[in-house]
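Trainee: Numbered by the working numbering, the letters in the sequence shown go through residues 18 to 195 in order.
Every residue gets a Cβ at the ideal spot worked out from N, C-alpha and C, and that includes glycine.
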Amino acid sequence: MAGVGGVGGAVLRRSVAGATAVVLVVEAGALAFVHLVLGRTTENQKMSIAGMDPNVMSKATYAMGAGMALFLLACAVFLAVAAIRDRAPGTFARVVLVAAAITHGLLGALVVGLVGWGAFVVMMLILCLLVLSLMLYGAKAADAPGDAPGIQDAPPGHPLLGDFGDLGGPGDVKPTNP
18 MAGVGGVGGA VLRRSVAGAT AVVLVVEAGA LAFVHLVLGR TTENQKMSIA GMDPNVMSKA
78 TYAMGAGMAL FLLACAVFLA VAAIRDRAPG TFARVVLVAA AITHGLLGAL VVGLVGWGAF
138 VVMMLILCLL VLSLMLYGAK AADAPGDAPG IQDAPPGHPL LGDFGDLGGP GDVKPTNP
């Protein structure tokens with residue numbers, strides 16, 4: 018990516034990673050609160066689906082909320098560390114952040130029908146922040162000395178077929194049967 022290196026690139030990378038960490042902390046708190054309300058509602062009204070025990074349902078709701086909040090907080094910590102150090106996240110952190118991005122993409126597709134377009138926009142903005150954080154630090158890591166070679170131009174040829182030969186021009190079509 019052009020413009021990612023240097024002082025301006027460091028400011029951009031750190032700002033995006035820090036903002037994404039803050040957004041993920043807020044999202045973790047909101048999800049924990051929503052699951053707390055859902056769990057209490059299930060518990061107080063003795064709700065049951067298909068004969069399931071209401072206590073199990075409320076405890077499962079609490080556990081899911083806590084698990085999602087911890088996952089998002091871990092992502093926020095990884096991004097905060099990357100922003101403070103201005104270094105790309107490690108392999109495990111990148112895998113967790115990619116999983117978070119995929120999760121936000123899938124949840125965005127679900128909430129557009131269940132909640133509405135506002136929730137979809139929020140999920141897509143968080144997805145964009147996650148992907149931008151990964152891309153900015155990924156572009157910096159590719160330029161680091163001692164790493165694999167950077168981005169290279171593709172060799173000339175057909176963009177879809179690659180090395181499968183020269184297709185020729187429009188008038189060079191050859192019949193396939195005798």
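Residue range of the alpha helix (DSSP H) that Thr78 falls in?
Mentor: Pro71 to Arg102
Trainee: With DSSP collapsed to three states, give me the class of Val132.
Mentor: In the displayed model, Val132 falls within coil according to three-state DSSP, outside both helix and strand.
Trainee: By DSSP, does Gly163 sit in helix, in strand, or in coil?
Mentor: Confidence in Gly163 is poor, its pLDDT being 47 and thus under 50, which makes the residue's placement too unreliable to answer from.
Trainee: Which same chain residues end up closer than 8 Å to Val42 when comparing Cβ atoms and leaving out the 5 residues on each side of it in sequence?
Mentor: Leu89, Leu90 and Ala93
Trainee: Report yes if the C-beta of Gly122 is less than 6 Å from at least one heavy atom of the ligand FMN; otherwise report no.
Mentor: This structure simply doesn't include the ligand FMN, nor any ligand for that matter.
Trainee: Check the C-beta distance from Ala71 over to Thr59 and give it rounded, since I have them as a contact under 8 Å.
Mentor: Before going further, note that residue 71 is Pro rather than Ala in the sequence given. The Cβ separation is near 6 Å, so the contact holds.
Trainee: Report, in whole angstroms, the separation of the C-beta atoms of Thr78 and Leu55, which I expect to be a contact under 8 Å.
Mentor: 5 Å
Trainee: Could you check how far apart the C-beta atoms of Leu147 and Leu114 are, in whole angstroms? I think they sit under 8 Å.
Mentor: Their Cβ separation, rounded to whole angstroms, is 6 Å, which keeps Leu147 and Leu114 in contact under 8 Å.
Trainee: State the Cα-Cα distance for the pair Leu221 and Arg102, rounded to the nearest angstrom.
Mentor: Nothing can be reported for residue 221: it is not among the residues displayed for the chain, which extend from 18 to 195.
Trainee: For Ser32, count neighbouring C-beta atoms within 10 Å of its own C-beta (all shown protein chains included) and say buried if the count is 16 or more, exposed if not.
Mentor: exposed
Trainee: One question on the structure: do Met121 and Leu144 come within less than 7 Å of each other, judged by their Cβ atoms?
Mentor: The sequence given here has His at residue 121, not Met. Taking 7 Å as the Cβ cut-off, His121 and Leu144 qualify as a contacting pair.
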